[in-house]
Every structure is written in C-alpha cells, then in structure tokens.
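Residue numbers (the working numbering): 1246 to 2049. Just so it is clear, CB atoms sit at the ideal spot from N, CA and C, and this is done for glycine as well.
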C-alpha cells in the first residue's frame, strides 16, 4: 500500500475526473439486469453562467444519483440543453446589437446556434469540475433532429386527439419580443403608478367618474362596470356613457367583481386591459377593438395611433386635462405582468395562435399531482393551485425564428391547414415541401408556417424522449423516478411535463419531485450585487476544493428551503476534507504491512465503534431515502470527527503500537464504510482515499461502484456499546482535568478512584485497559470519590507528582 501524501492536493480533482471518464464509471447500461433509477435532469438554458443556484440544484441530483448506484441501481443520469426560444434570442440580440427581424432567418438561426454552443461548452465544463456523475453519452440539445422529431410528432398526436387546435383568442403578448407568451411565462412585479379619475358624460344628461390606471386604452373602452350592490350607481345601470376624446357610447353594466372601495367603484372595460376585461367581454358579448399593435403602439386611436404606450398615455392625459375630463390623479401601487425574459410589461392582444387545451384536463392534472411524492410535500400545492387557476388554454405558438418549427402549411386561398406526415419529421415548413402539392380543398398554393413552438413544448417531453419514444419506447425508463428542479419552475416545467405526458400516454411522467429553493446571500437576503452579498460559483470554485462546496450544498439546509450561501460552511467542509484525509493517512500507515481478513475475537472497544457504525449506517441510509442530505452529512461528520477521530483512534493507539492486528481489521472496515457513505457528498477526496487503500483489495474500479453498507445485526452489541460510552466519558473527563491543570495529555495519572453502582463497575472493568492505555492511568480503584461527577459516576484523579 502506497503511503498517502500529507494533504489532499486539489490537482487530484482533474486526474479523478479524467479517470471517471476513461473508465466510463457513470455510463448507463440499458441492458443491465439491475433495477433502473431514472432521473429527468433539467435541461438548462445555455446562458454560459453555471451560477451558485445551479450548483445547489445539480449537487442534490448528484447526491441521489451516486447514492442509488451504491444501492445497486442502474442509474440513468442524462444531461440536455434547452437551446430554443426567447431566452436564447434575447441574449443573441443583446450580444449582437441586432434584432431578429433585421437578420435573414437562416443567418439568425446560425447566430443562435453559435451562441448556444459556446455557452454549452462552458457550462458542461463547470458540471464536470463539480464532479457531477452525468452519463455524457446521453447528452442532447432540444435542437437535435431526433428531439425536434419527437416534439413535432407529439404535436401531431395531440392534434389528432383534439388537444391541440388553432384559434383566435386573447393572449399574453410581449411587445418588445413581439411574440405570444404563456401564462406561466408572465412574471409579476409591484410598481407605483397613477390612478386617473376621469369624467364620462352620460348620454342624455349627467356624468359618472371612472378610475383607471390605463387612460391610453380609452379608445378600446367597450363598456363601463359597477357593482350591482353599490347603492350609488344602481340607478344608472343600463344607461350609456360617452367616452371622452373618442366619443363612443358604451353601456353601464352590472358586475359583481367590481370593488366598490377601489377608486370610484366605477371601471371601464377595455379590449384588453387585463384578464378580467377578457372575462367580461366574452360573458357579455361585447365588441373587440384591436387597440395595440404587435410592437406596442396604439392602433384605431385617431391621432394617437402609432404612438408607443408610454407616449400615448402622456398625450391622452394631457388632452383629458385640457378638455376638463381629468379630475384627479392619485399614486397607487399595482401588480404588473412582465415578460419573463426581457421584463417588458405584457399586453393582451386578440390573435390567432396554436393552443394546447389544458383546461380540458385540469382535474386529471390535479389528481395525478396528488399521487406524486413531493419533497417537501407542501410544494404539491403549488402545482395543484396552478392547475386550478387555468382559465386560458396554453398558447404554444411563438412569433420567433429559433425554435421547433410547427409542422403545418396553410392554403393562401382558403386558409385550409395541411399537417406534416410522420414520415416527413423532422420538418421545417419554411423550407420543406408539404405532403401535397396543392390545397386538396381548393387547389390553392400552400405556404409554410413561420411561427415556432414555445420552448416549454420542447422541454416538456424530456421524459418520453429519454425513454426513446417513439421508435423504441422503453417502459423501464418511463415514468422517471426522480424529477429534480427549482421551486421557480414548478408551474412551467413540472406542470407542462404532467400535461404533455398525461395527454400522450395517460400516465404521470414522474414519481418523485425533489425541489431546491433559492440560494440567498450570507445575510439571508436575496443575492444582489447592490447589496454586496453576491457570490459567483466561479469565485467559490477558485478558492476552495469542490468537495468543500458540495459539503455546503448538503449541510446548508433541507431540500425545498431557501439556503444562504455560507463561506463559513464551505470552510468547514474544507476542514472535514482535511480531517478525513488525516484519518485515512493514519489508517494507511497502520495498514502498510497488510491487514487481517478476519479476527478471532474483538476487543469490547472495537465492538463499541462497530455498534456506533451500525447506528450511523441506519441513520444515513434513512436520511438518504428521505432526501434529507443535511441530516446524512451531519451524521457522518459527527461520527467521523467525534467518534472515530477523537475517541476510537485515541483509544486504540496503545494497542496498535503494541502490535495488536485486531485494530487494523476494525479500522479498515470502519474507514471503508465511511468512505463509501461519504462519497456521494465528497466524491473527490473519497475516490483518492479509496484508490490508495481499498481499490486493489476490494477488486472495485471506483468507490462510486462500491456497495452501500448494510446494518450488520452481529455488530449491534448493546453491552459493548454501553461499555464504550462510559469509557469515552471517563477518558474525556480526565483529559479535561489535565487541560485545566495545564498538564500534557500524555502526563501519567498515578491513580483514578471511581465511585459507581455495581452494574456500571462491571462495564468499567471491561474497558479498564482502555482507560489506562488512553489516559495514561497507572491504577484504577473503586471507592468513594467526589471531585468530578460524570452523569452519576464520580471520580477522583491523583496525579503522580501530588503523591507523597
């Protein structure tokens, strides 16, 4: 056995990564007879920045992947990249200074591909650096032809089932990105704005005052609403009011949703200010006025047409004030929906788009969500409540270039829709020919769809894709055993995965969802450069060994909770690396001349540490099964530091130096089991130790391919456990006494007098040699004592120099 260096060198990390890759340690074997454990790893947007939140997320995934391999599972741990859509196009626009509309289609796609490949390379290297046990032979991009084929086929299948349709409906629209976006892609912010009190003349005589934050939509006002229980306005329900500036007459209608306490208790219904407007318009059969263009300018607004929304608001307020219609303005706060990518306030436009009928399967989604195991379980409510809130179908068409093409053509003459045939897939209707030469209805010319699919249409089919759908569908890979992701994408990725797979297969796509929270600053607040609490993953990686960072991810808090980043925790992890290395080095020196395969009889203190080890195996195994990584790592750390290093090794040194081979047998077993259990959290230092001490003897290539230790009933010796505990307490008391008397721990004690009950005396007698050998005590007597009380056991210590 080679002698271990004095310290763990970070340079070993690179060697170990190369070793794992060369030996294909993490390669999934689809022919394996082992039970499968399937992980649907999130395919991130290749932003190029593998941030500290990503580190936490992927650490959680890797902890469980490594644990399951050790438990005898064939682990499927893939990695993909969600390259399409708004996230990429917005970044490319920012980096090039060009808009998509200004660049030829093929050239724009090439720019997007180049940008994503550059950033995938950086993120992939970061994932390797952190030791994530991904099978890189499974790597995919949502732009791969095989992936596009699967997405397009699912589109055609759902259309055949009646769950995908084209129709005209109000949708969320980003005027900056000039595309439709789904409800799940709308974020909300709170901002201050002005509530405008505007006088509306009544037809005939009289007037009414409405309150609105959107005077720029006056030209799209199609009705006025009041609460039918509001005594102030009961008399005017059914009458008509005249919209200032624009002059249209609109009816005053009752609507119980109007809050009498907000503003004046009178609101205008426009097409469309918000979702409530949409509901009222369709409920009352009101006309729809197209009020805003795709690029966020007013239309059908007389002299205000072609003005941007902010410009129009300012000029319309000015005109209202000039004509005497603006009575008052008050500052209020309001929630505003913004585009998830560019943060521009969204509008609601009435557009023809492609939709998935999610409202049809609300109840099914809720039912199946309840069957899934959620960690923590309260996060199930987030998906259930989101499903319950679905009043609009999912708009899946995007007016963007870089995305999965929608596989349809349209007749220029009659509008008939021609769908691609399965044999054509993957297909891009912009460039590829339709399955027929002309419209079968009227013989008209066919043109290809230029819109692409929502990026969530891509990423919500990952599980079916992993299972090789549709060609060689492998039911052993479906559903996924684990769906790990951040709390922020429950209503997108988790929800859309459930929708798509229920519609395609009638079955939930995942069994367990593991949620990670946000990484906060050290001060417990959201990370922000302006607050001075922002930390980059690169910064941490450059300062500390990877295992120390992984320690923070494990010990920082329970899954699902927001976890503050902590330099202190990382430093503590670094100390644990050193402690484990030092223990291992001590053991390797003890084992340099070999070690016995078995022993005839174990000393009681050996039985004690083995009993303690069984306790640790049981606790850590249960914690891992429950995804309580913080409990697992802390249990291991306490045993390693407190029981093994501070106590057992100290209590056997006198035997080891006396040539007792039994302790070498015990050290080997204990260290090997701890090395294996620690390896999911600290794979680098454990691999380095395993290769030096265990690999050759155990006949295993890597610690990652070892067998997780099981509780051995034969080592559950209660009597030995109690003997060891009392020995530990007495030795600890003697050490403290020596320290308080400024004596060396190696200083000899002439006599130790112990007062205890008969049962305790028998236990102490079995470890008398341990107390003498460890604490350097010459004589132990049982009698009256009073100096130190250790939980009912009293001891007096007589140092040699005090004896006459």
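Since residue 1395 and residue 1706 should fall inside the 8 Å C-beta cutoff, what is the C-beta to C-beta distance between them, to a whole number of angstroms? Between residue 1706 and residue 1395 the Cβ distance is about 6 Å, and since that is below 8 Å, they are a contact.
Does the Cβ-Cβ distance between residue 1473 and residue 1444 come in under 8 Å? In this structure, residue 1444 does not lie closer than 8 Å to residue 1473 by Cβ.
Is residue 2049 buried or exposed, if buried means 16 or more other CB atoms sit within 10 Å of its CB? Residue placement at residue 2049 is poorly supported in this model, since its pLDDT is 40, which falls under 50; the coordinates still yield a value, given next. Residue 2049 sits exposed, since fewer than 16 C-beta atoms from the chains shown fall within 10 Å of its C-beta.
Please say whether residue 1591 and residue 1419 have beta carbons closer to each other than 8 Å? Yes, the pair counts as a contact, with Cβ atoms nearer than the cut-off.
When the distance is taken between beta carbons, is residue 1453 closer than 8 Å to residue 1462? No.
Look at the Cβ atom of residue 1329, then the Cβ atom of residue 1647, and state whether they are nearer than 8 Å. A contact, by the Cβ cut-off of 8 Å.
Could you check if residue 1262 is buried or exposed, using at least 16 other CB atoms within 10 Å of its CB as the buried criterion? Flag for residue 1262 reads buried.
Grab me the residues of residue 1283's own chain with a C-beta within less than 6 Å of its C-beta, minus the 5 sequence neighbours each way, in chain order. Cβ neighbours of residue 1283 within its own chain (closer than 6 Å, five residues either side excluded): 1321, 1722, 1725, 1726.
Are there 16 or more other CB atoms within 10 angstroms of the CB of residue 1692, so buried, or fewer, so exposed? Label assigned to residue 1692: exposed.
Buried or exposed for residue 2047, please, with buried defined as at least 16 other CB atoms from any protein chain shown within 10 angstroms of its CB. Any reading at residue 2047 must be qualified, since the residue scores a pLDDT of 48, below 50, and its modelled position is unreliable; no value is offered.
Suppose you measure from the CA of residue 1187 to the CA of residue 1887; what does that come to, to the nearest Å? No statement about residue 1187 is possible, as the shown extent of the chain runs from 1246 to 2049 and does not include it.
Taking only three categories from DSSP, how would you classify residue 1624? When DSSP states are grouped into helix, strand and coil, residue 1624 belongs to the helix group.
Does the separation of the CB atoms of residue 1368 and residue 1289 fall below 8 Å? Contact: yes.
Below 8 Å, how does it come out for the region 1765 to 1779 and the region 1734 to 1750: are there three or more Cβ pairs, yes or no? Per the Cβ contact rule, the region 1765 to 1779 is not in contact with the region 1734 to 1750 (fewer than 3 Cβ pairs under 8 Å).
If contact is defined by three or more beta carbon pairs under 8 Å, each pair taking one atom from either stretch, is the region 1739 to 1757 in contact with the region 1788 to 1796? Remark: fewer than three beta-carbon pairs, one from each stretch, lie closer than 8 Å, so the region 1788 to 1796 and the region 1739 to 1757 are not flagged as touching.
Hey, residue 1437 and residue 1576 are a contact pair by Cβ (cut 8 Å); roughly how many whole angstroms apart? With a Cβ gap of about 6 Å, residue 1437 and residue 1576 count as contacting.
When DSSP builds the beta bridges, which residues end up paired with residue 1574? Per DSSP, the beta bridge partners of residue 1574 are 1441.
Nearest-angstrom Cα separation, counted from residue 1844 out to residue 2042: Looking at the two C-alpha atoms, the distance is approximately 36 Å.
In terms of residues, what are the limits of the alpha helix (DSSP H) holding residue 1966? Residues 1963 to 1985.
Contact with chain D by residue 1266, beta-carbon distance below 8 Å: Absent here is chain D; the protein component of the structure consists of one chain.
Looking at the unbroken alpha helix (DSSP H) that takes in residue 1791, where does it start and where does it end? Membership of residue 1791 in the alpha helix (DSSP H) is indicated by the continuous run 1791 to 1800.
Relative to the C-alpha of residue 1389, which candidate in 1703, 1442, 1603 has its C-alpha closest? The candidate whose alpha carbon is nearest that of residue 1389 is 1703.
In chain order, what residues of the same chain lie with their CB nearer than 8 Å to the CB of residue 1816, ignoring the 5 residues before and after it? So the list reads 1789, 1793, once near-sequence residues are dropped.
Which residue's Cα is closest to the Cα of residue 1878: 1345, 1922, 1639, 1584? Among 1345, 1922, 1639, 1584, the Cα nearest to that of residue 1878 is on 1922.
Separation of residue 1326 from residue 1364, as counted between CA atoms: C-alpha separation (whole angstroms): 10 Å.
How is the beta strand (DSSP E) around residue 1995 delimited, first residue to last? 1994 to 2000 is the extent of the beta strand (DSSP E) around residue 1995.
What are the start and end residues of the beta strand (DSSP E) that includes residue 1230? Outside the displayed span of the chain (1246 to 2049) sits residue 1230, for which this structure offers no information.
Local Cβ density within 10 Å of residue 1812, reported as buried at 16 or more and exposed below that: Exposed, because fewer than 16 other Cβ atoms sit within 10 Å of the Cβ of residue 1812.
So residue 1675 and residue 1715 are supposed to be a Cβ contact under 8 Å. How far apart are they, rounded? Actually they do not touch by this definition, with Cβ atoms about 24 Å apart.
Assuming residue 1930 and residue 1253 make a contact with CB atoms under 8 Å, what is their CB distance in whole Å? About 5 Å; that satisfies the 8 Å criterion.
Go ahead and pull the three-state DSSP assignment for residue 1604. In the three-state DSSP reduction, residue 1604 falls in the helix class (H, G or I).
Would you give the residue range spanned by the beta strand (DSSP E) that residue 1655 belongs to? Note, residue 1655: beta strand (DSSP E), 1653 to 1656.
DSSP-derived helix/strand/coil call for residue 1506: Three-state DSSP puts residue 1506 in coil, outside helix and strand.
Counting along the chain, where does the alpha helix (DSSP H) carrying residue 1930 start and finish? Counting along the chain, the alpha helix (DSSP H) containing residue 1930 begins and ends at 1928 to 1938.
Please classify residue 1638: is it buried, with 16 or more other beta-carbons within 10 angstroms of its beta-carbon, or exposed? So residue 1638 counts as buried.
Looking at the structure shown, is residue 1859 part of a helix, part of a strand, or coil, going by DSSP? Residue 1859 sits in a helix when the DSSP states are folded into three classes.
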